[in-house]
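**Student:**
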Amino acid sequence: MRFLPVGGALKGRALLAGTAALVTAVVLQTASLGPAYADPSGPVNPGTVGHARAEATSLQNRADAAAKDAARAAARLDEAKAKAEEEAQKAADAAAKAEESGQVSDKNKAESAAAKAAEASAKAAQAQLEYNEKAAASAAAAAAAAEAANNAEREAASLAGVTDGTGTEGTQTLPDTGVFPDNATHSDNVEVVGHVRGVLSGNSSCPAFKASKCPAFSSLNFVHYEKLGYDVMVANGTGGLAIWSLKDPEHPTYISEVTVNQLKQPGETMTQFWEGENLTVDSRRKLVFMTRDSGKKGLFVIDIKDPWHPVLLGFHPVPLGHTATCINDCRFIWSVGSGVRGVSSPVYVTDVRDVNHPFTYSQAVVSDVRRTGATSGSTHSVDVDFDGVVWVSGSGGVRGYWTDGKHFDPATQTERYATAYDPIPYAGGSVGGSEGSFLHNAYRFPNTLGDRPKGDVLLITNENNNQNCSKAGVFILASLEGTHDADGITSTPENPVKMTRLATYNPGGKPGHYVDPTGKAGDCSAHWFTVNGNIVVGGYYEQGVRFLDISDPRNPQQVGWFRVPDRAAGPDGPAIIGSNASSAYWHNGYVYVPDYGRGVDILKFTGDIPGKQEKKVCWNSCEK
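Using the working numbering, the letters of the sequence shown map in sequence onto residues 69 to 692.
(1) Of all the beta strand (DSSP E) runs that stay within the bounds of the segment 637–662, which reach a length of 3 or more residues?
(2) Counting pairs of beta carbons, one from the segment 305–323 and one from the segment 264–284, are three or more of them closer than 8 Å?
(3) What are the complete beta strand (DSSP E) segments, minimum 3 residues, inside the segment 193–267?
(4) Under 8 Å, do residue 237 and residue 286 count as touching if we go by C-beta distance?
(5) Helix, strand or coil, according to DSSP, for residue 474 in the structure here?
(6) With DSSP run on the structure shown, which of helix, strand or coil describes residue 546?
(7) Pick from 409, 441 and 422: whose alpha carbon is nearest that of residue 431?
(8) Quick one, which of 424, 284, 438 and 132 has its alpha-carbon nearest residue 327's?
(9) Does the beta-carbon of residue 641 have 16 or more other beta-carbons within 10 angstroms, so that it is buried, or is it exposed?
(10) From residue 322 to residue 297, what does the alpha carbon distance come to, in whole angstroms?
(11) Which residue marks the beginning of the beta strand (DSSP E) containing residue 510, and which one marks its end?
(12) If residue 392 sits next to residue 440, beta carbons under 8 Å apart, how far is it from one beta carbon to the other, in whole angstroms?
(13) Using only the alpha-carbon positions, how far apart do residue 394 and residue 478 sit?
(14) Quick check on the burial criterion: 16 or more other C-beta atoms within 10 angstroms. Buried or exposed for residue 397?
(15) Taking the alpha helix (DSSP H) that residue 117 falls in, what are its first and last residues?
(16) May I have the straight-line CA-CA distance separating residue 198 from residue 141, to the nearest angstrom?
(17) From the DSSP output, which residues share a beta bridge with residue 358?
(18) Rank 381, 366 and 367 by C-alpha distance to the C-alpha of residue 373 and give the top, closest one.
(19) Figure out for me which residue from 221, 171, 691 and 247 has the closest Cα to the Cα of residue 118.
(20) Along the beta strand (DSSP E) that carries residue 626, what are the first and last residues, could you check?
(21) Report buried or exposed for residue 329, applying the criterion of at least 16 other Cβ atoms within 10 angstroms of its Cβ.
(22) What ranges does the alpha helix (DSSP H) occupy inside the segment 327–352, keeping only unbroken runs of at least 4 residues that lie completely in it?
(23) Can you check whether the CB of residue 457 is closer than 8 Å to the CB of residue 435?
(24) Three-state secondary structure (DSSP) at residue 179?
(25) When you compare the segment 619–632 with the segment 565–582, are there three or more beta-carbon pairs, one atom per stretch, that lie closer than 8 Å?
(26) Can you say whether residue 448 is buried or exposed, counting buried as having 16 or more other CB atoms within 10 angstroms of its CB?
(27) Going by alpha carbons, who is nearest to residue 593 out of 539, 605 and 617?
(28) Any idea which residues DSSP pairs residue 394 with across the strands?
(29) Rounded to a whole number of angstroms, what is the C-alpha to C-alpha distance between residue 507 and residue 214?
(30) Is the beta carbon of residue 547 less than 8 Å from the beta carbon of residue 596?
(31) Comparing alpha-carbon positions, which option in 279, 315 and 250 lies nearest residue 293?
(32) Just curious, the beta strand (DSSP E) that residue 318 is in, first and last residue?
(33) With residue 369 and residue 226 assumed to form a contact (beta carbons below 8 Å), what rounded beta-carbon distance in angstroms separates them?
(34) Any idea what DSSP makes of residue 412, helix, strand or coil?
(35) At 3 residues or longer, and completely inside the segment 535–611: list those beta strand (DSSP E) runs for me, N to C.
(36) Counting only the same chain and skipping the five closest in sequence on each side, list residues whose C-beta sits under 7 Å from that of residue 317.
Next comes the structure, spelled out in structure tokens:
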């Protein structure tokens, strides 16, 4: 947690030790809990900036009023203390006189003076208590006002970064050594239309079992350029960041890159970037966030307002760095991974509104994906659905949270505002029959599906790299019924509320199933996926890409596939690296496939797409 300067504190008063301790406690509590007001809600715009500034002004006015109250209390305290001192001196003098004279009249006067001194002392003590209270309230109000002012500044900084990007096409192009997969195998309803290779590395570690390892990409994303009228594609992998123009979406043009050497921090000997498995971007501000999970974990921030000339803004350390996702219109980033103990499914929150001065809250969000309170296990992915619910996947479960707006909090049984650092539980947990599975990422289906109501079905991948398809990670369809916290508040570690598993899928034995020359299956594990209508397309490592029709969520059907076999250089053509597909992303009618070994393949699915097609295909951050 970032502790902000309090400001406006009263000076020149000698506080009792108890008073100082009380003031300090209130200030620290105020700073660590965040602002007492609701964070700006919805997309960053002039209205949210105006709201934040108005809130800051209001809280500053309260702080000024509280400071005046404390000053008046201080004056009353001074007066009471002076009166008490005066009466105490009178009582002492009267007592001395009575002792000296021995007269009854003097003794009576001494007793009267002592009573007045006691009364004055009691009033001084009361004035001290009142001052303690007013001083503590003033300090708390000043801290809240300072936090609100900081919030307004950061909201304004976020809006100032919104840009249409360059309107001038660059002339720079980079060599792209990709070889078109003329040997690809695929179903009749899948066309292979393009391939790019991009920046490479000599990485020797890789998921799955591919001998070619991971010189290419783990994930990609897209950024729109309003003035140009088209998108660019960004992909990261062990070699760094690659950027392509999608003016011709079937044949992307390689225009720039950020290499490992450019990402190196002072004193580092980094030889590869690892790993950016779920690349998150802010298309409104034309920013790319690359999350690093090796060495010093954290976020690289890259400005691509001119995608032909990307600018590395810096590196920000974060305790978790496997994947990171923009939430709340990319005001904040939730980072997840492994390496933090003692927290039930930790998530770290970074405020990136002022992108040149990001800060990460010191206390991790407890996402408790299994709803068991266990303080072991890692988190893997954060995915925001169309309603703004943020889903955290990890060891044993998937859990959804509100991070914005006013919602019912089952813990307090009240309506309150959710924030990125103080979210409100929504639904989810472990999946019946998959309690011990590592749940990789999730997507809450926005519409009705079969006999399930709107927003009930959660699509999940269970990752388990295995060449025995019966043991490999599967694609899961689960129902959220009964796990919403308003209904499932009775969930306990001993008897947790679980999602109902509707169905699973794996590619073993399906058309396109890959078996190597030794008779072993290629890695069968499910990995990243996207959804268009009722069709899911996902990466399955060496099994390539699979298209699933989930119109019946209890019986998903494979309806298409794509895979590239390995080929040695020879009479059939140049050498081709076989599939090791990380994911598959629907985008503007095409499917872009980042591959750990190959680069990016571009496909078109020509089959039927049943169900309602949303205006945009999304993953990572789907906020409307």
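Here a beta-carbon is modelled for each residue, glycine too, at the ideal position from N, C-alpha and C.
Remember, predicted model here, so these are calculated numbers, not experimental data.
**Tutor:** Looking at the coordinates:
(1) Segments of the beta strand (DSSP E) lying fully in the segment 637–662: 653–655.
(2) With a cut-off of 8 Å, the segment 264–284 and the segment 305–323 count as touching, because enough Cβ pairs lie within range.
(3) 258–264
(4) no
(5) strand
(6) strand
(7) 409
(8) 284
(9) Burial call: exposed.
(10) 18 Å
(11) Residue 510: member of the beta strand (DSSP E) spanning 507–512, first to last residue.
(12) Contact flag wrong, Cβ pair sits at about 25 Å.
(13) 26 Å
(14) buried
(15) 114–169
(16) Between the alpha carbons of residue 198 and residue 141 lies a distance of about 7 Å.
(17) 368
(18) Here the closest residue by C-alpha is 381.
(19) 221
(20) Per DSSP, the continuous beta strand (DSSP E) segment holding residue 626 begins and ends at 625–631.
(21) exposed
(22) Correct list: 328–331.
(23) no
(24) Here residue 179 sits in helix by DSSP.
(25) yes
(26) buried
(27) 539
(28) Looking at the DSSP assignment, residue 394 forms a beta bridge with 401.
(29) 41 Å
(30) no
(31) 315
(32) Taken as a continuous stretch (DSSP letters only), residue 318 belongs to no beta strand (DSSP E), as it is neither H nor E.
(33) Their Cβ separation, rounded to whole angstroms, is 13 Å, which puts residue 369 and residue 226 out of contact at 8 Å.
(34) DSSP, read as helix, strand or coil, puts residue 412 in coil.
(35) 543–547, 568–573, 597–600 and 603–607
(36) 656 and 658
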